[in-house]
Amino acid sequence: QANQKYQCKECARQFAPDSVSSRPKSKYPRCPKCNKATYLHHKYKHYNRYKCGSRKCNHAFSQYHNLNIDLASSENLTGSLSMKGMRFPLHTILTALTLYFLNNTSTRAISQFLKVTSNISVSHVTISSWVHKFAPYFKEKAKIFNAQLDLNSDDWHADETVVFISGKKYYLWLAIDSET
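All you need for the numbering used here is the position in the sequence shown, starting with 1, plus 73.
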């Protein structure tokens with residue numbers, strides 16, 4: 074079928090419907106080096122191995138499968154905080170929040186990290202909204218956790234050991250309180 078133009082009977086404006094692609098889109102990712110089509114070289118349990126179709130490039134790369142956790146199990150993890158309506162798996166959200174809160178990583182860097190490591194495209198704005206949504210919850214959990222810690226211990230155990238790194242002598246000290 075050819076792409077035909079149509080005319081509106083009321084306003085006489087011409088339009089053409091969106092053309093349908095004659096070739097279906099590939100379900101495989103494009104080559105990160107030359108952006109050509111790839112093919113599935115081998116399918117493993119936790120990742121797929123792809124090869125570039127271009128003989129000049131011949132680049133091979135891996136793409137890991139998403140780790141999806143059912144929403145039912147995520148409700149047990151988060152208590153009263155509901156994960157329903159979230160468009161990304163819990164594993165992805167927790168990875169982003171861990172990078173933000175523990176590593177002090179920017180939302181744009183987290184977005185790039187998820188794209189490179191898991192091939193998951195998440196907007197930095199989405200990650201920011203996750204931070205605003207979950208920050209009060211983590212603050213409450215941290216209060217409960219920190220209240221249970223007894224940091225006023227009188228007994229401390231220390232140990233030293235000598236470690237040689239590249240032929241150079243270093244002292245490594247380890248200290249722990251008796252309640253831990």
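Every residue gets a Cβ at the ideal spot worked out from N, C-alpha and C, and that includes glycine.
Item                                                                                                             : Value
Own chain partners of His-197 with C-beta closer than 6 Å, once the 5 adjacent residues on each side are dropped : Thr-180, Arg-181 and Ser-184
Assigned exposure category for Trp-203 - 16 Cβ within 10 Å defines buried                                        : buried
C-beta atoms of Thr-111 and Tyr-120 nearer than 7 Å                                                              : no
Helix, strand or coil at Gln-80 according to DSSP, with G and I counted as helix                                 : strand
With 16 other Cβ atoms within 10 Å as the buried cut-off, status of Phe-88                                       : exposed
Residue from His-230, Lys-98 and His-132 with nearest C-alpha to His-114                                         : His-132
Leu-247 and Asp-228 closer than 7 Å at C-beta                                                                    : no
Bridge partner(s) assigned by DSSP for Ile-277                                                                   : Here the chain comprises residues numbered 74 to 253, so residue 277 is not present and cannot be evaluated.
Spatial distance of Gln-221 from Ala-169 (CA atoms)                                                              : 27 Å
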